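*Asks:* A single structure is presented below for examination.
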Amino acid sequence: MATLHVGMTTLLHAVEVTGIVAFACSGFIEARRKKMDMVGVFTVAFITAFGGGSLRDLLLDRRPLFWVEHQEYPILIFVLALLAVPFLRHLQHAVTERAIVLADALGLGLFSVTGTSLALDADMPLFVSVMMGVITGIFGGVLRDMICNEIPLVFRRGHLYATCSFAGCWVYLLLDRAHVAQAVSVGLATVVVFALRMLAVRFDWKLPG
Amino acid sequence: MATLHVGMTTLLHAVEVTGIVAFACSGFIEARRKKMDMVGVFTVAFITAFGGGSLRDLLLDRRPLFWVEHQEYPILIFVLALLAVPFLRHLQHAVTERAIVLADALGLGLFSVTGTSLALDADMPLFVSVMMGVITGIFGGVLRDMICNEIPLVFRRGHLYATCSFAGCWVYLLLDRAHVAQAVSVGLATVVVFALRMLAVRFDWKLPG
Amino acid sequence: MATLHVGMTTLLHAVEVTGIVAFACSGFIEARRKKMDMVGVFTVAFITAFGGGSLRDLLLDRRPLFWVEHQEYPILIFVLALLAVPFLRHLQHAVTERAIVLADALGLGLFSVTGTSLALDADMPLFVSVMMGVITGIFGGVLRDMICNEIPLVFRRGHLYATCSFAGCWVYLLLDRAHVAQAVSVGLATVVVFALRMLAVRFDWKLPG
Numbered sequence: 005m006a007t008l009h010v011g012m013t014t015l016l017h018a019v020e021v022t023g024i025v026a027f028a029c030s031g032f033i034e035a036r037r038k039k040m041d042m043v044g045v046f047t048v049a050f051i052t053a054f055g056g057g058s059l060r061d062l063l064l065d066r067r068p069l070f071w072v073e074h075q076e077y078p079i080l081i082f083v084l085a086l087l088a089v090p091f092l093r094h095l096q097h098a099v100t101e102r103a104i105v106l107a108d109a110l111g112l113g114l115f116s117v118t119g120t121s122l123a124l125d126a127d128m129p130l131f132v133s134v135m136m137g138v139i140t141g142i143f144g145g146v147l148r149d150m151i152c153n154e155i156p157l158v159f160r161r162g163h164l165y166a167t168c169s170f171a172g173c174w175v176y177l178l179l180d181r182a183h184v185a186q187a188v189s190v191g192l193a194t195v196v197v198f199a200l201r202m203l204a205v206r207f208d209w210k211l212p213g
Numbered sequence: 005m006a007t008l009h010v011g012m013t014t015l016l017h018a019v020e021v022t023g024i025v026a027f028a029c030s031g032f033i034e035a036r037r038k039k040m041d042m043v044g045v046f047t048v049a050f051i052t053a054f055g056g057g058s059l060r061d062l063l064l065d066r067r068p069l070f071w072v073e074h075q076e077y078p079i080l081i082f083v084l085a086l087l088a089v090p091f092l093r094h095l096q097h098a099v100t101e102r103a104i105v106l107a108d109a110l111g112l113g114l115f116s117v118t119g120t121s122l123a124l125d126a127d128m129p130l131f132v133s134v135m136m137g138v139i140t141g142i143f144g145g146v147l148r149d150m151i152c153n154e155i156p157l158v159f160r161r162g163h164l165y166a167t168c169s170f171a172g173c174w175v176y177l178l179l180d181r182a183h184v185a186q187a188v189s190v191g192l193a194t195v196v197v198f199a200l201r202m203l204a205v206r207f208d209w210k211l212p213g
Numbered sequence: 005m006a007t008l009h010v011g012m013t014t015l016l017h018a019v020e021v022t023g024i025v026a027f028a029c030s031g032f033i034e035a036r037r038k039k040m041d042m043v044g045v046f047t048v049a050f051i052t053a054f055g056g057g058s059l060r061d062l063l064l065d066r067r068p069l070f071w072v073e074h075q076e077y078p079i080l081i082f083v084l085a086l087l088a089v090p091f092l093r094h095l096q097h098a099v100t101e102r103a104i105v106l107a108d109a110l111g112l113g114l115f116s117v118t119g120t121s122l123a124l125d126a127d128m129p130l131f132v133s134v135m136m137g138v139i140t141g142i143f144g145g146v147l148r149d150m151i152c153n154e155i156p157l158v159f160r161r162g163h164l165y166a167t168c169s170f171a172g173c174w175v176y177l178l179l180d181r182a183h184v185a186q187a188v189s190v191g192l193a194t195v196v197v198f199a200l201r202m203l204a205v206r207f208d209w210k211l212p213g
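Residue numbers (our numbering), protein chains in the order written: chain P, 5 to 213; chain E, 5 to 213; chain Z, 5 to 213.
Following this line, the structure appears as structure tokens:
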């Protein structure tokens, strides 16, 4: 059981880094499309990766913020942004769109589920906890699009995205109420979000318009 | 006196629900105009209704947030958003524009005045307390327009809106200093905002451009 | 030494007022370009002047906010906005663009450096403290452009701006670690930001695109 827990924690950490890099990449691409310079590229990538979690922490009054506690993550994005500016033209060839969708779905899952978990720890009511999870998962992208002067992609009729996050947060809530070990319920609920998102992209699932 | 107070409280609660629904409706309409799906419709309506109060609470460092304490309100907006998507085409026929302007003016009044009241409770200085009231009243709409990629309506030359809120907050301040019972001064100042707003719409009052 | 300190403090206070007025002016001009009324002109100017510091304080959980503690500053901007609306057409003749660039560079310097200083006081790690400084210096302008429905100017390829702030914050950090008296290190680092910014404008320095 302890081994399972350690293995799970290591795995979740790997998923976290994957998700952050995927979110940052979508920031890089959007910032470049808007012809921003290095300052814009870093800021948009940073906000895409950490905007959702920071908004959640402001709403819950949690400190220190995730990226303050883990200074290595903003530094990682800073270095990636330095590299991204000269290499981004090639990046779009090297990294397939499919890889970004995959990594982004992992990030969406993990960030949403941990957001709900933190909200429950802060004694939020159930529906609010689910909202906090969805905010954590999607508001980085919402803020990215607001800064880039676009209507947020997640609010336009595309393949299910926030809905997958919403469903996964409820799954986490149920597992948590059933006293499943936290690392396990985080893992399972993340997989639910990831699988739903992949199915939505694969089978063209959309909300009614 | 106690009866007056209970009656006043019930009335204020009814005004609160009316205001929230009116603000949410303006969010529904704007989100639909931008062809958003259910996720966007809910989020924009939610932010229109609670964005101003949440921003005030972040600035004042007040917790729990209003909609966290009253989980029934986000759930109400969620249900309304579910209903709004299929029925919104008909909603625009059923609910006249005049009804929305009326209900919105009630919400503007109550939210502004309670914002000022909460700021005074938090020992804010006078001008800042009035600003907090205006922020509570108008920033839901500002955030709605920012997300919908529009210059905020309230900053463009239309019929007086923020100005009515500003005037009503000063009226509340004066009544509060004169030791008028809170439920009464909230009620009176709300009426001032409402009446000013209705007069501005009726007689085409605008600020100089 | 005490005399130096008092002189320095008075000087920094003068720079603070200069910076606030310069930031507010850039808000006035942008709001007028978007044909906003008095409400928009005040709000945009206010957010340009205090948005960066307020965001920093929300992230650091610092209260009271700077403009709550110094109620005279929002009142100053309110009065300036009242005057600006009728006189702004003439203002653009009276105040040369060069004067605004100069005053803005002073504000950028002082706000960035004090932002880093406050972050260090709050025990933030080094890279995060520099980020907080840059946020304080540039996010007023970012929020101004977001409200005015533009891609933030500071993220587009112009003369170095955020980069000057970034460099100055590191200079402050080094002086602080070397136990230089605070008023002196704030002054020196502000001069570094100001000089870099002026050189960037003069010699057309830009980041690679």
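Ideal Cβ placement from N, Cα and C applies to all residues, glycine included.
Predicted model only: the values in this text are computed from it and were never measured.
Can you round the beta-carbon distance between Lys38/P and Cys168/P to whole angstroms, since I take them to be within the 8 Å contact cut?
*Replies:* Contact doesn't hold; Cβ gap of about 27 Å is too wide.
*Asks:* Strictly by DSSP, which residues pair up with Arg102/Z?
*Replies:* In the DSSP output, where bridge partners are listed per residue, Arg102/Z has none listed.
*Asks:* List, in order along the chain, the chain P residues whose C-beta lies closer than 7 Å to that of Cys152/E?
*Replies:* Result: Ile155.
*Asks:* Is the CB of Arg67/Z under 7 Å away from at least one CB in chain E?
*Replies:* So, interface residue.
*Asks:* Less than 6 Å separating the Cβ of Met12/E from some heavy atom of the ligand GTP?
*Replies:* Absence of the ligand GTP is noted for the structure shown, with no ligands found whatsoever.
*Asks:* When Cβ atoms are compared, which residues of the region 62 to 91 of chain P fall closer than 7 Å to chain Z?
*Replies:* Listed in sequence order: Leu62, Arg67, Leu69, Val72, Gln75, Pro78, Ile79, Val89.
*Asks:* From this set, Glu154/P, Leu164/P, Gly56/P, Leu87/P, which residue's C-alpha is nearest Val117/P's C-alpha?
*Replies:* It is Gly56/P.
*Asks:* How long is the line joining the alpha carbons of Arg36/P and Ser30/Z, rounded to whole angstroms?
*Replies:* Each residue's Cα considered, the two are about 26 Å apart.
*Asks:* Phe115/E and Thr140/E look like a contact to me (Cβ under 8 Å); what is the Cβ gap, rounded to whole Å?
*Replies:* The pair is a contact, with the Cβ atoms about 5 Å apart (cut-off 8 Å).
*Asks:* Would the beta-carbon of Ala107/Z fall within 7 Å of that of Thr14/Z?
*Replies:* No, Cβ-Cβ distance for Ala107/Z and Thr14/Z is not below 7 Å.
*Asks:* So who's on the other strand from His163/E, going by DSSP bridges?
*Replies:* Beta-bridge pairing links His163/E to Lys210/E.
*Asks:* Starting from Glu73/P, trace the alpha helix (DSSP H) both ways and give me its first and last residue.
*Replies:* Where Glu73/P is concerned, the enclosing alpha helix (DSSP H) stretches over 70 to 73.
*Asks:* Pairing CB atoms from the region 128 to 138 of chain Z with CB atoms from the region 68 to 79 of chain P, are three or more of them under 8 Å?
*Replies:* Taking 8 Å as the limit for Cβ pairs, the verdict is that the region 68 to 79 of chain P does touch the region 128 to 138 of chain Z.
*Asks:* Assuming Leu59/P and Phe143/P make a contact with CB atoms under 8 Å, what is their CB distance in whole Å?
*Replies:* Contact holds; Cβ gap of about 5 Å.
*Asks:* Once DSSP output is grouped into helix, strand and coil, what is the label at Met12/E?
*Replies:* DSSP places Met12/E in helix when its eight states are reduced to three.
*Asks:* Kindly give me the distance between the Cβ atoms of Phe32/Z and Ala88/Z, rounded to whole angstroms, as I take these residues to be in contact under 8 Å.
*Replies:* 5 Å between Cβ atoms; contact.
*Asks:* What did DSSP end up calling Met202/P once you bin it into helix, strand or coil?
*Replies:* Helix at Met202/P.
*Asks:* Please state whether the Cβ-Cβ distance between Arg148/Z and Thr47/Z is less than 7 Å.
*Replies:* Not a contact, by the Cβ cut-off of 7 Å.
*Asks:* Between Leu192/E and Val175/E, what straight-line distance do the alpha-carbon atoms span, to the nearest angstrom?
*Replies:* Distance between the alpha carbons of Leu192/E and Val175/E: 8 Å.
*Asks:* Quick one: what's got a C-beta closer than 6 Å to Tyr165/Z's C-beta in the same chain, skipping five residues either side?
*Replies:* The residues are Val158.
*Asks:* When DSSP labels each residue in this structure, what does Met42/E get in the three-state scheme?
*Replies:* In this structure, Met42/E counts as helix in the three-state DSSP scheme.
*Asks:* Please state the DSSP three-state secondary structure of Cys173/P.
*Replies:* Cys173/P falls in the helix class under three-state DSSP.
*Asks:* Can you look up Asp127/E in the DSSP assignment and give me helix, strand or coil?
*Replies:* Coil, per DSSP.
*Asks:* Nearest CA to the CA of Val205/Z: which residue from Val190/Z, Val105/Z, Gly111/Z, Met128/Z?
*Replies:* It is Val105/Z whose Cα lies nearest to the Cα of Val205/Z.
*Asks:* Please name the residue in Glu34/Z, Leu112/Z, Asp61/Z, Met40/Z whose C-alpha comes closest to that of Ile24/Z.
*Replies:* Selected option, being the one with the closest Cα: Leu112/Z.
*Asks:* Just to confirm my understanding: we take Phe50/P, look at its own chain, exclude 5 residues before and 5 after, and list those with CB closer than 6 Å. What are they?
*Replies:* Same-chain partners within the cutoff: Ile81.
*Asks:* When we look at the beta-carbon of Phe54/E and count the other beta-carbons within 10 Å, is it buried (16 or more) or exposed?
*Replies:* Classification of Phe54/E: buried, given that the 10 Å Cβ count is 16 or more.
*Asks:* Check whether the Cβ of Ala166/P lies closer than 7 Å to any Cβ atom in chain E.
*Replies:* It does; some Cβ of chain E falls within 7 Å.
*Asks:* Below 7 Å between beta carbons: does that hold for Gly172/P and Val196/P?
*Replies:* In this structure, Val196/P lies closer than 7 Å to Gly172/P by Cβ.
*Asks:* Specify the secondary structure class of Arg148/Z as computed by DSSP and reduced to three states.
*Replies:* Helix, per DSSP.
*Asks:* Would you mind giving the Cβ-Cβ distance between Ala126/E and Leu64/E, rounded to the nearest angstrom? I have them listed as a contact below 8 Å.
*Replies:* Between Leu64/E and Ala126/E the Cβ distance is about 5 Å, and since that is below 8 Å, they are a contact.
*Asks:* Closer than 7 Å, CB to CB, is Phe115/E near chain Z or not?
*Replies:* Chain Z, which has no Cβ nearer than 7 Å to the Cβ of Phe115/E, makes this no.
*Asks:* Sorted by chain position, which residues of the same chain lie with C-beta nearer than 6 Å to Met42/P's C-beta, five sequence neighbours on each side aside?
*Replies:* Correct list, in chain order: Val89.
*Asks:* Residues in the same chain with beta-carbon distance under 7 Å from Met202/E, minus the five sequence neighbours each way, listed in chain order, please.
*Replies:* Excluding sequence neighbours, Met202/E sits near Ala109.
*Asks:* Return no unless some Cβ of chain Z is closer than 7 Å to the Cβ of Leu112/E.
*Replies:* Judged by the 7 Å Cβ criterion, Leu112/E is not in contact with chain Z.
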